[in-house]
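*Asks:*
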Amino acid sequence: DECATSTDNCDVNAICTNVANTFLCDCKPGFVGPGTVCSDIDECAMGTDDCGATSQCSNLPGSFECACAAGYTGDGTNCADIDECANNTDNCAANASCTNTPGSFMCACPLGYSGDGITCTDINECTTNADNCNVNASCTNLMGSFTCACSAGYQGNGVTCTDINECTTNTNNCSVNAVCSNSAGGFA
1 DECATSTDNC
11 DVNAICTNVA
21 NTFLCDCKPG
31 FVGPGTVCSD
41 IDECAMGTDD
51 CGATSQCSNL
61 PGSFECACAA
71 GYTGDGTNCA
81 DIDECANNTD
91 NCAANASCTN
101 TPGSFMCACP
111 LGYSGDGITC
121 TDINECTTNA
131 DNCNVNASCT
141 NLMGSFTCAC
151 SAGYQGNGVT
161 CTDINECTTN
171 TNNCSVNAVC
181 SNSAGGFA
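Under the working numbering, the letters of the sequence shown match residues 1 to 188, in that order.
(1) Count the other CB atoms, across all protein chains shown, that sit within 10 Å of the CB of I118; report buried if there are 16 or more and exposed otherwise.
(2) By the 10 Å Cβ neighbour count, where 16 or more other Cβ atoms means buried, how is G52 classified, buried or exposed?
(3) Can you list, in chain order, the residues of its chain whose CB lies under 6 Å from that of N18, leaving out five sequence neighbours each side?
(4) Report yes if the C-beta distance between C85 and G76 is below 8 Å; otherwise report no.
(5) Assign M143 to one of three DSSP states: helix, strand, or coil.
(6) Could you check which residue in A96, N95, D90 and D83 has the C-alpha nearest to that of P102?
(7) Excluding the 5 residues flanking S39 on each side, which residues of the same chain have their C-beta closer than 7 Å to its C-beta?
(8) Report the residue from G153, G144, S183 and F105 whose alpha carbon sits nearest the alpha carbon of S81.
(9) For C51, name the three-state secondary structure that DSSP assigns.
What follows is the structure, encoded as structure tokens:
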């Protein structure tokens with residue numbers, strides 16, 4: 001019995017079967033060859049694995065292993081997307097929006113901020129002239145926004161400012177014996 005006495009010439013990855021006056025060598029599952037030489041079958045390269053579309057196949061001697069790709073969870077055959085936004089496992093800035101994508105996520109800074117969504121910096125609309133304040137108004141930067149206020153002598157919402165006619169509204173301090181003359185933003 002050559003198989004029992006290890007006098008056969010079967011490959012280490014073959015099964016030896018004793019038959020009358022001789023023996024047979026058959027490669028184990030996952031290997032191919034005449035039995036005296038057995039080579040690993042790369043199921044991943046051949047596409048004969050049963051790994052899911054969102055998993056990675058790793059060839060092993062005589063077999064293979066499936067593992068879900070980054071951003072997915074499951075047994076390797078069936079993988080489901082991980083919603084990093086809902087699970088709060090994203091690294092978006094506190095004031096940024098998080099959008100789940102297949103296997104990943106995207107961060108975006110809100111209006112009034114610049115950056116990649118992981119880091120968001122306030123845009124100073126006043127110094128970058130991105131405000132819509134009237135020429136007769138002052139601009140005040142706020143986090144993520146700005147406000148406009150009409151200058152002294154003007155009235156309105158800061159975006160629209162009109163001259164206050166102090167002469168007709170009796171808000172001037174002219175002498176009763178003087179003639180009040182309205183001017184832009186004031187009087188004389």
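From the three backbone atoms N, C-alpha and C, an ideal C-beta is built for every residue, glycine too. From a predicted model like this one, the values you see are computed outputs, not experimental measurements.
*Replies:* Looking at the coordinates:
(1) exposed
(2) buried
(3) D1 and C3
(4) no
(5) coil
(6) D83
(7) F31, V32 and G33
(8) In the sequence as presented, Ser is not what sits at residue 81; that position holds Asp. It is F105.
(9) coil
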